[in-house]
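Trainee: Numbers in the working numbering are just positions in the sequence shown, counted from 1, shifted up by 23. Glycine included, every Cβ here is placed at the ideal spot set by N, Cα and C.
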Amino acid sequence: MAVQISPSILSADFARLAEAVAAVSNADWIHVDVMDNHFVPNLTLGLPVVESLLKATSTPLDCHLMIEDPDRWAPAYAEAGAGSVTVHAEAARAPVRTLRQIRAAGARAGFALNPATAVEPYEDLLGEIDMLLLMTVEPGFGGQKFLDVVLPKIRRARALIERHGGEVWLQVDGGVSAETIERCAEAGADVFVAGNAVYGAADPARAVDELRALAAEA
């Protein structure tokens, strides 16, 4: 598994997003948390900001839609040029159709599960996705403490992916730091979203390299 780091701009200065993205040009992705104050109790940014960020960086955008009715909105993020668009199992009403629309628009299709959502019921969707995102905190806010209770689910998800023999990436999001990333990698994750661990560091680019090295050693 190739380790990939996706810094979350949820932890960056929203007044300087272009600078924040430029500061981590060594990252594999830029994680963009889209929140609507309905699916989660927070309001962040949307498609216009994503369109602006796409003009400001060559690093692909990893758009994580924590919104109601992602079936309606997700394809537009892919059409705008996002490299990856992830929708939540708890919000999507027509996940297969939506995932196929994301792919048809040229983006990687991601499927996210909240901490209490079991992975096994969605085993049959593995052929429809490019990335499975397991939340390691309750979605809605950055800076939360990593939930160790999700580690067994990461292992089970990795086993399901390997059994299907596909090229599905396994992403974790929430509380990922130098203290937790090795446990996530050991459990089977290969794509890591990190917010405060990157943008709370004195040197965000160095933090990206250090996190990647820690995960690679696991």
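Among all the DSSP beta bridges, which residues are the ones paired with L157?
Mentor: In the DSSP output, where bridge partners are listed per residue, L157 has L136 and V195.
Trainee: Classify S48 as buried or exposed, calling it buried when 16 or more other Cβ atoms lie within 10 Å of its own Cβ.
Mentor: exposed
Trainee: Express the C-alpha separation of E185 and R178 in angstroms, rounding to a whole number.
Mentor: 11 Å
Trainee: Is it right to say G243 is buried, meaning 16 or more other beta carbons lie within 10 angstroms of its own, or is it exposed?
Mentor: A query on residue 243 cannot be resolved here, the shown segment of the chain reaching from 24 to 241 and no further.
Trainee: Please confirm whether V216 and S75 have their CB atoms less than 7 Å apart.
Mentor: no
Trainee: Write down the C-beta distance between V214 and L183 rounded to the nearest angstrom, noting that I regard them as a contact closer than 8 Å.
Mentor: The pair is not a contact, with the Cβ atoms about 16 Å apart (cut-off 8 Å).
Trainee: As a quick exercise: from A212, A225 and L157, pick the residue whose alpha carbon is nearest that of T109.
Mentor: L157
Trainee: Among the candidates V119, A228 and A103, whose CA atom is the shortest distance from the CA of E146?
Mentor: V119
Trainee: Would V195 count as contacting chain D if we go by Cβ distances under 7 Å?
Mentor: The chain inventory of the structure shown lacks chain D, comprising one protein chain alone.
Trainee: Rounded C-beta distance between A208 and A238? I'm assuming under 8 Å.
Mentor: 4 Å
Trainee: Which one of A127, G163 and R95 has the shortest CA to CA distance from H61?
Mentor: For H61, the nearest C-alpha among the options comes from G163.
Trainee: Helix, strand or coil, according to DSSP, for R179 in the structure here?
Mentor: helix
Trainee: Determine the extent of the beta strand (DSSP E) in which D59 is found, giving its start and end residues.
Mentor: Per DSSP, D59 lies in no beta strand (DSSP E) and is assigned neither H nor E.
Trainee: Can you tell me whether I53 is helix, strand or coil according to DSSP?
Mentor: strand
Trainee: Please state whether DSSP places D36 in a helix, a strand or coil.
Mentor: coil
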